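Number of protein chains: 2
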Amino acid sequence: MNLNVREALLEAARKAAQSHGYNGLNFRDLAAAVGVKSSSVHYHFPSKADLGAAVARRYWEDTAQALEALLAESPQPQRALHEYPRIFRKSLEDQNRLCLGSFMGAESEGLPDAVKTEVQVFADINVAWLEKVLVASSSDSPATAHQRARAIFAAVAGAQLIARSRSDIALFDELLATYRVSGLLPA
Amino acid sequence: MNLNVREALLEAARKAAQSHGYNGLNFRDLAAAVGVKSSSVHYHFPSKADLGAAVARRYWEDTAQALEALLAESPQPQRALHEYPRIFRKSLEDQNRLCLGSFMGAESEGLPDAVKTEVQVFADINVAWLEKVLVASSSDSPATAHQRARAIFAAVAGAQLIARSRSDIALFDELLATYRVSGLLPA
DNA sequence: ACCTGAACACCGTTCAAGT
DNA sequence: ACCTGAACACCGTTCAAGT
């Protein structure tokens with residue numbers, strides 16, 4: 010039950026942050042969602058900065074795991090690359106939530122340093138994975154793979170941001186399709 | 010002096026919102042920046058929702074004007090299209106600020122309806138302008154221009170979001186360059 | 001017409017007190 | 001070890017009171 014509270018807080022805080030951002034997170038609603046008092050949240054996470062950093066760290070850890078699983082279960086690396094946007098699509102399917110990296114990235118100006126650091130790691134692992142897969146699928150030379158990986162990450166994040174503000178998953182799919190026909194993403 | 014206070018509030022609130030979002034806006038800091046008391050802000054804008062909506066409306070009005078000016082002063086429409094991302098670049102040059110439409114778009118879940126409406130207009134006028142210019146420069150058929158316009162808007166917004174979270178304008182330029190070589194944006 | 005101080009409920013935080 | 005209530009300073013809001 011003790012560990013469960015901490016895990017439940019991390020999970021509920023992640024969902025809240027993907028919906029309302031770090032600024033939109035608040036201890037009393039979070040505590041209520043888990044069934045404890047707000048002062049109990051401070052026992053597990055002394056400050057909001059600690060909570061935010063823990064949530065962001067867990068988020069990129071989970072993402073790193075999902076990315077490796079995606080690559081492992083794909084017969085060819087092109088297939089993993091093609092499925093990559095599905096990770097962002099799943100956030101939209103889950104109550105129209107935004108990628109935590111995008112939301113906290115937007116808020117980064119006012120974020121505690123510990124949180125900002127974790128958010129940057131999220132971006133780094135996405136770009137590193139894309140770069141690796143682009144090279145493995147030999148659709149790009151190693152020299153251009155890094156630039157291309159960053160552009161894909163930025164464009165997919167942008168598509169999710171726009172589609173989310175309209176609560177329109179079909180728009181996300183259409184944006185991705187246009188990225189493909191234009192050549193930013195491999196067909 | 011009276012009108013100046015209202016205008017000064019709108020301007021200061023826009024800057025604050027582009028840095029910290031709607032949730033990061035607060036009446037006391039805003040009032041202090043303009044030199045009045047926080048209760049005076051409520052005289053001009055009864056609620057935070059009113060203030061947010063006024064800021065967002067002014068923002069898309071200014072953007073609409075800038076877009077028309079850009080098109081008017083461009084000898085060819087391709088030229089205006091090429092210069093379009095400069096509008097987003099200018100926000101980064103101005104204290105690393107994010108497009109208000111992107112920030113409030115991310116926050117849209119918790120935004121008052123009046124604010125959300127204005128934010129959507131911002132997206133609409135951007136896409137409509139891009140679509141018009143794409144057709145005029147005959148780089149796209151009318152049938153595909155709309156899809157392409159939305160993809161460009163999403164990708165440029167995403168590039169700004171990523172570059173801003175790194176406080177790296179050069180990254181914005183590199184992302185845009187990659188969009189061009191990949192074919193999403195005309196060379 | 002425009003501005004202000006005081007008061008209210010809310011939020012992050014602390015801390016002494018519980019079990 | 002884990003949880004809680006009470007108290008603090010902060011924020012959006014209201015309102016009576018100023019000019």
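So the sequence lines, in the order shown, correspond to chains A and Z.
The number in my numbering is simply the position in the first sequence, starting from 1, with 9 added.
The number in my numbering is simply the position in the second sequence, starting from 1, with 9 added.
Even glycine gets a Cβ: it sits at the ideal position worked out from N, Cα and C.
Source: prediction; values computed, not measured.
Anticipated Cβ contact below 8 Å, residue i with residue j, distance rounded
i: residue 171 of chain A; j: residue 132 of chain Z; result: 7 Å
i: residue 107 of chain Z; j: residue 169 of chain Z; result: 7 Å
i: residue 193 of chain A; j: residue 193 of chain Z; result: 5 Å
i: residue 127 of chain A; j: residue 65 of chain A; result: 4 Å
i: residue 124 of chain A; j: residue 58 of chain A; result: 6 Å
Option nearest residue i by Cα separation, candidates the options
i: residue 12 of chain Z; options: Z:36, Z:31, Z:26 and Z:43; result: Z:43
i: residue 25 of chain A; options: A:194, A:104, A:167 and A:129; result: A:104
i: residue 62 of chain A; options: A:183, A:138, A:82 and A:19; result: A:19
i: residue 109 of chain A; options: Z:189, Z:174 and Z:37; result: Z:174
i: residue 70 of chain Z; options: Z:134, Z:83 and Z:27; result: Z:134
i: residue 189 of chain A; options: A:147, A:151 and A:93; result: A:93
Euclidean distance between Cα positions of residue i and residue j
i: residue 87 of chain A; j: residue 186 of chain A; result: 16 Å
i: residue 1 of chain A; j: residue 111 of chain A; result: There is simply no residue 1 of chain A to check, as chain A begins at 10 and stops at 196 in what is shown.
i: residue 40 of chain A; j: residue 56 of chain A; result: 14 Å
i: residue 22 of chain Z; j: residue 46 of chain Z; result: 14 Å
i: residue 121 of chain Z; j: residue 163 of chain Z; result: 23 Å
i: residue 78 of chain Z; j: residue 72 of chain Z; result: 10 Å
i: residue 183 of chain Z; j: residue 28 of chain A; result: 30 Å
i: residue 129 of chain A; j: residue 83 of chain Z; result: 38 Å
i: residue 60 of chain A; j: residue 36 of chain A; result: 10 Å
i: residue 153 of chain A; j: residue 140 of chain A; result: 9 Å
i: residue 145 of chain Z; j: residue 151 of chain Z; result: 9 Å
i: residue 17 of chain A; j: residue 99 of chain A; result: 20 Å
i: residue 191 of chain Z; j: residue 156 of chain A; result: 11 Å
i: residue 95 of chain A; j: residue 95 of chain Z; result: 31 Å
Chain-order list of residues whose beta-carbon lies under 7 Å from that of residue i (same chain, five-residue window excluded)
i: residue 237 of chain A; result: Because chain A spans 10 through 196 in this model, residue 237 of chain A falls outside it and cannot be assessed.
i: residue 160 of chain A; result: 193
i: residue 176 of chain Z; result: 105
i: residue 136 of chain Z; result: 158, 159 and 162
Sequence-distant residues of the same chain with beta carbon closer than 8 Å to residue i, five excluded per side
i: residue 15 of chain Z; result: 53
i: residue 97 of chain Z; result: 108, 165, 166, 168, 169 and 181
i: residue 49 of chain A; result: 14 and 40
i: residue 148 of chain A; result: 87, 90 and 195
i: residue 38 of chain Z; result: 25
Nonlocal neighbours in the same chain, by C-beta distance under 6 Å from residue i, ignoring five residues either side
i: residue 138 of chain A; result: 76
i: residue 51 of chain A; result: none
> Given 8 Å as the limit, is there contact between the stretch 28-40 of chain A and the stretch 113-131 of chain Z, that is, 3 or more CB pairs closer than that?
Replying inline: Contact between the stretch 28-40 of chain A and the stretch 113-131 of chain Z is present, because at least three Cβ pairs lie under 8 Å.
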